[in-house]
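Whatever position you read off the sequence shown (first residue = 1), add 180 for our numbering. No residue lacks a Cβ here, since even glycine has one placed at the ideal position from N, Cα and C. Just so it is clear, the structure is predicted and the values come from calculations on it, not from any experiment. In what follows, a structure is listed as structure tokens, so that the remarks can point back to it.
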Amino acid sequence: MLTQKRMKELLTYDKSTGIITRTKTISGNAVKGMVAGSVKKNGYVHIQVDGKLYLGHRLAWLHEFGQFPAGFLDHINGVRSDNRIDNLRPVTPSQNCHNERMRTNNTSGVKGVTWDKRRKSWMAKFWHERKCINVGNFKNLDDAREAVMKKRKEIHGEFANDGLLKAFPEHKGAAL
């Protein structure tokens, strides 16, 4: 397993920008001073170290705290390539799910709101700790949006995400 010492031999981390750079030339693709890794389709930075692939945010955590996080790390602003240490926080699997973005197949434009054909109304609901929280049915989409956002904030607290970030932002790394 990669240690903080070995990482610091090969990479430097700028905690104000979240950028990891190479400190040694290892190959034609890994040159001293070059930004390490690349942003993949899923929006995360992937970096190869000693033949093994790592996620950039986990390397940032290792660099700053001397060990990999025990569980999940959350990007507070929702931008998966923004690996500034101030933008990372350890979370439980449940908290990580609360902070998910709106799904790409969402048709209402509001996270947690779907059209109920049977009742001909907007149904607002979300999940918390494996339980479905039913906020209610609404004739008006704006009322459903307001109700689900309020209830989600009440229950999920700082981990509430109203899904206003796109599932895969076009401008990766841009502050939103």
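Could you give the residue range of the beta strand (DSSP E) that holds residue i?
i: Gly316; result: 311 to 318
i: Arg298; result: Premise fails: Arg298 is in no beta strand (DSSP E) and is neither H nor E.
i: Leu191; result: 191 to 194
Looking at residue i and the ligand ADP, is the gap between the Cβ and the nearest heavy atom below 7 angstroms?
i: Leu235; result: With respect to small molecules bound, the structure shown includes none, and the ligand ADP cannot be examined in it.
To which residues does DSSP link residue i through a beta bridge?
i: Ile335; result: DSSP output for Ile335 lists no bridge partner at all.
i: Thr201; result: Thr192, Val215
i: Lys305; result: Asn314
When we look at the beta-carbon of residue i and count the other beta-carbons within 10 Å, is it buried (16 or more) or exposed?
i: Asp307; result: Residue identity differs from the one stated: residue 307 is Trp in this sequence, not Asp. Trp307 should be labelled exposed.
i: Lys188; result: exposed
i: Val225; result: buried
i: Ala355; result: Confidence at Ala355 is low in this model, with a pLDDT of 37, below 50, so its placement is unreliable and the value that follows should be read with caution. Exposed is the call here.
i: Asn267; result: buried
i: Ala240; result: buried
i: Asn263; result: buried
i: Leu253; result: buried
Whose CA, out of the options, lies closest to the CA of residue i?
i: Arg298; options: Asp342, Phe318, Gly289, Arg281; result: Phe318
i: Ser261; options: Arg269, Asn285, Val219; result: Val219
i: Asn320; options: Lys331, Arg332, Asn314, Asp296; result: Asp296
i: Ser288; options: Asp322, Pro273, Arg264; result: Asp322
i: Gly198; options: Lys291, Leu235, Lys331, Ile335; result: Leu235
i: Asp230; options: Thr183, Phe339, Thr284, Gly223; result: Thr183
i: Asn209; options: Gln228, Arg269, Lys333; result: Gln228
i: Arg283; options: Ile206, Lys330, Asp342; result: Asp342
> Unbroken beta strand (DSSP E) runs of length 3 or more, entirely within the stretch 205 to 283: which are they?
Replying inline: 225 to 229, 232 to 235, 252 to 255, 268 to 271
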